[in-house]
Amino acid sequence: DAGVIQSPRHEVTEMGQEVTLRCKPISGHNSLFWYRQTMMRGLELLIYFNNNVPIDDSGMPEDRFSAKMPNASFSTLKIQPSEPRDSAVYFCASTQTGANVLTFGAGSRLTVL
Amino acid sequence: AQSVTQPDIHITVSEGASLELRCNYSYGATPYLFWYVQSPGQGLQLLLKYFSGDTLVQGIKGFEAEFKRSQSSFNLRKPSVHWSDAAEYFCAVGGIQGAQKLVFGQGTRLTINP
Numbered sequence: 011d012a013g014v015i016q017s018p019r020h021e022v023t024e025m026g027q028e029v030t031l032r033c034k035p036i037s038g039h040n041s042l043f044w045y046r047q048t049m050m051r052g053l054e055l056l057i058y059f060n061n062n063v064p065i066d067d068s069g070m071p072e073d074r075f076s077a078k079m080p081n082a083s084f085s086t087l088k089i090q091p092s093e094p095r096d097s098a099v100y101f102c103a104s105t106q107t108g109a110n111v112l113t114f115g116a117g118s119r120l121t122v123l
Numbered sequence: 180a181q182s183v184t185q186p187d188i189h190i191t192v193s194e195g196a197s198l199e200l201r202c203n204y205s206y207g208a209t210p211y212l213f214w215y216v217q218s219p220g221q222g223l224q225l226l227l228k229y230f231s232g233d234t235l236v237q238g239i240k241g242f243e244a245e246f247k248r249s250q251s252s253f254n255l256r257k258p259s260v261h262w263s264d265a266a267e268y269f270c271a272v273g274g275i276q277g278a279q280k281l282v283f284g285q286g287t288r289l290t291i292n293p
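Taken in order, these protein sequences are the chains called E and L.
The working numbering puts the first residue of the first sequence at 11, with every later residue one more than the last.
The working numbering puts the first residue of the second sequence at 180, with every later residue one more than the last.
Laid out in structure tokens, this is it:
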């Protein structure tokens with residue numbers, strides 16, 4: 011299995027631009043999670059999906075952030091407009107419901123200038 | 180709500196020495212406990228997990244951890260570290276939803292002296 015695949019690995023953009031991060035979960039996994047990692051706040055859960063349905067988005071920082079999962083093999087996290095404080099590493103993780111073990115992707119490092 | 184504390188931000192040990200990384204959690208019921216490792220520029224890799232049963236759990240790469248309910252701790256140990264163990268280590272706790280609502284500690288950065 012190729013694991014959880016995230017793209018892009020690195021993104022540098024200017025403040026105000028739209029950013030889209032992408033994730034392909036492991037085939038057969040029906041739960042998908044988006045985490046953000048920063049020095050100040052550590053690893054934070056932003057949102058997670060079960061069977062493509064958003065279950066808990068209480069960690070999404072504000073309306074500039076949105077996430078979608080149009081099918082079982084693809085999810086996006088969008089930031090519009092981006093701000094310098096959004097600079098972080100964004101991780102996607104997946105699991106089978108009930109398995110209780112997350113498999114993480116390699117992350118997308120976002121820098122907003 | 181659950182929470183995790185990793186008291187040590189940075190630890191340095193010599194290659195071949197023993198290692199113990201501390202983790203304390205807060206949760207009202209029996210927790211799901213995890214240790215993950217993150218190498219530079221990489222995602223998190225699961226080292227080991229505790230759900231129930233034997234309180235001493237074995238993981239990959241020669242790591243083990245012991246669940247102590249009375250101390251609300253889940254410390255990670257390795258008898259002899261290798262230079263390749265240099266990384267950041269994260270303890271995480273999940274509640275009845277297991278992995279669905281994992282809360283991570285701030286991490287402990289491990290440096291290995293040759």
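Beta carbons are placed, not taken as given, at the ideal position from N, Cα and C, and that holds for glycine.
Here the structure is a predicted model, which means the values were calculated and not measured.
{"Query": "Using only CA atoms, which one of L:Ser205, L:Lys228, L:Thr287 lies nearest to Leu112 of chain E?", "Result": "L:Lys228"}
{"Query": "Can Val29 of chain E and Thr23 of chain E be called in contact, C-beta distance under 9 Å?", "Result": "yes"}
{"Query": "Could you say which of E:Phe84, E:Asn61, E:Ser97 lies nearest to Ser17 of chain E if we only look at CA atoms?", "Result": "E:Phe84"}
{"Query": "At the 9 Å Cβ level, is Asn110 of chain E part of the contact set with chain L, yes or no?", "Result": "yes"}
{"Query": "Counting contacts by CB-CB distance shorter than 9 Å, is Asp66 of chain E in contact with chain L?", "Result": "yes"}
{"Query": "Can you list, in chain order, the residues of the segment 223-244 of chain L whose Cβ is nearer than 9 Å to any Cβ on chain E?", "Result": "Leu223, Gln224, Leu225, Lys228, Phe230"}
{"Query": "What is the rounded straight-line gap between the Cα of Glu243 of chain L and the Cα of Thr86 of chain E?", "Result": "36 Å"}
{"Query": "What residue range is occupied by the uninterrupted beta strand (DSSP E) comprising Trp44 of chain E?", "Result": "41-48"}
{"Query": "Quick check: is the beta carbon of Val272 of chain L nearer than 9 Å to any beta carbon in chain E?", "Result": "no"}
{"Query": "What does the alpha-carbon distance come out to for the pair Thr234 of chain L and Tyr268 of chain L?", "Result": "20 Å"}
{"Query": "Could you tell me whether any Cβ in chain E is nearer than 9 Å to the Cβ of Gln181 of chain L?", "Result": "no"}
{"Query": "List the residues that DSSP assigns as beta-bridge partners of Val183 of chain L.", "Result": "L:Tyr204"}
{"Query": "Could you list the residues in the segment 279-291 of chain L with a C-beta less than 9 Å from some C-beta on chain E, going in chain order?", "Result": "Gln279, Lys280, Leu281, Val282, Phe283, Gly284, Gln285, Gly286"}
{"Query": "Only counting the same chain, and skipping five residues up and downstream in sequence, which positions put a Cβ closer than 7 Å to that of Leu225 of chain L?", "Result": "Phe213, Tyr215"}
{"Query": "Looking at the unbroken beta strand (DSSP E) that takes in Lys280 of chain L, where does it start and where does it end?", "Result": "That residue, Lys280 of chain L, is in no beta strand (DSSP E); it is neither H nor E in DSSP."}
{"Query": "Can you find a C-beta in chain E that's less than 9 Å from the C-beta of Phe269 of chain L?", "Result": "yes"}
{"Query": "Where do the N-terminal and C-terminal ends of the beta strand (DSSP E) with Gln224 of chain L fall, by residue?", "Result": "223-229"}
{"Query": "Can you tell me which of L:Ser252, L:Lys280, L:Thr287 puts its alpha carbon nearest to the alpha carbon of Ala265 of chain L?", "Result": "L:Thr287"}
{"Query": "Counting only Cβ pairs nearer than 7 Å, list the residues of chain E close to Tyr204 of chain L.", "Result": "Here the premise fails: no neighbours, minimum Cβ distance about 15 Å."}
{"Query": "Spatial neighbours of Pro91 of chain E within its chain, please: CB distance less than 6 Å, with the 5 preceding and 5 following residues excluded, ordered by chain position.", "Result": "Gly26"}
{"Query": "For a cutoff of 9 Å on Cβ pairs, would you count Leu55 of chain E as touching chain L?", "Result": "yes"}
{"Query": "How would you write the range of the beta strand (DSSP E) that Arg19 of chain E sits in, first residue to last?", "Result": "Taken as a continuous stretch (DSSP letters only), Arg19 of chain E belongs to no beta strand (DSSP E), as it is neither H nor E."}
{"Query": "What's the gap between the Cα of Arg119 of chain E and the Cα of Ser97 of chain E?", "Result": "8 Å"}
{"Query": "Can you say whether His261 of chain L is buried or exposed, counting buried as having 16 or more other CB atoms within 10 angstroms of its CB?", "Result": "exposed"}
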